[in-house]
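Under our numbering, the first residue of the sequence shown carries the number 6, and numbering increases by one thereafter. We treat Cβ as the ideally placed atom computed from N, Cα and C, and that holds for glycine.
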Amino acid sequence: MRIFVTGATGFVGSAVVRELIDAGHQVKGLARSDKAVAALIAAGADVHRGSLDDLDTLRSGASAADGVIHLAFKHDFSDFAAAAEADILAIDAMGSVLEGTGKPLVVTSGTLMLAPGRLGTEDDASIQLRRGAPRRRRSR
Ligand SMILES: NC(=O)c1ccc[n+]([C@@H]2O[C@H](COP(=O)([O-])OP(=O)(O)OC[C@H]3O[C@@H](n4cnc5c(N)ncnc54)[C@H](OP(=O)(O)O)[C@@H]3O)[C@@H](O)[C@H]2O)c1
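Next up, the structure:
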């Protein structure tokens, strides 16, 4: 499969890219700097130049792929709300071009809210999903 990976140069992404390429998939990684470009090429991936803030770039990367793994995140804890907002917009942008195609969109999350007070398993859904909280829609 052709997989578009955001955050492909990160802690999680670099391991995911290695696994995907070893399994025979074709990876195109989002890169916002020359350093990221070099890292992706060294890893055997193709490059999709752009940043999380460029939603058109995210849409074009997603629409050209057979699936998306979204691992980029602005780990700026001085403005976490803005980082989370950028994450929502990025997921909405990529989701909008995948919607109805049957192509997968994989995102990450933390496990703190999964099963408070007990052992969490793969059968658990997040508290938000269990409560049926409406998903926020964003203008694009
Ligand atoms: N690591 C964990 O234990 C853990 C646990 C739970 C959830 N998660 C989630 O898993 C995801 C990946 O985490 P990680 O630990 O791999 O993070 P990381 O090592 O900090 O990597 C972040 C990635 O995002 C990219 N990025 C950041 N800002 C960007 C921007 N403005 N435009 C484009 N790319 C940008 C970085 O690219 P550059 O190379 O250019 O900096 C890097 O590839 C995150 O959503 C994180 O919250 C991680």
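Within the same chain, and ignoring the five residues on either side of alanine 69 in sequence, the residues whose Cβ sits closer than 8 Å to its Cβ are Arg7, Phe9, Lys33. If you ignore the 5 residues before and after leucine 25, its C-beta comes within less than 7 Å of the C-beta of Ile8, Val32, all in its own chain and listed in chain order. Classified as buried, glycine 66 has 16 or more neighbouring CB atoms from the shown chains inside 10 Å of its CB. For glycine 12, the shortest C-beta to heavy atom distance toward ligand 1 is below 7 Å. When only Cα atoms are considered, alanine 130 and phenylalanine 85 end up about 24 Å apart.
For threonine 11, the pairing in a beta bridge is given by DSSP as His75. Within the same chain, Leu110 come within 7 Å of glycine 100 by CB-CB distance, once the 5 residues on both sides are set aside.
Measuring C-alpha to C-alpha distances from arginine 23 to each of Arg37, Ser38, Ile46 identifies Ile46 as the nearest. Ligand 1 has a heavy atom closer than 7 Å to the beta-carbon of lysine 79. Here arginine 64 carries a helix assignment [DSSP, helix/strand/coil].
For isoleucine 96 and alanine 36, the gap between their C-alpha atoms comes out near 17 Å. Distances from the CA of histidine 80 to each of Ile74, Ala88, Ala20 were compared; the closest alpha carbon is that of Ala88.
Here DSSP, grouped into helix, strand and coil, assigns lysine 33 to strand. It is roughly 12 Å from the alpha-carbon of glycine 107 to the alpha-carbon of valine 73. A straight line joining the alpha-carbon of glutamate 127 with that of threonine 113 spans about 14 Å.
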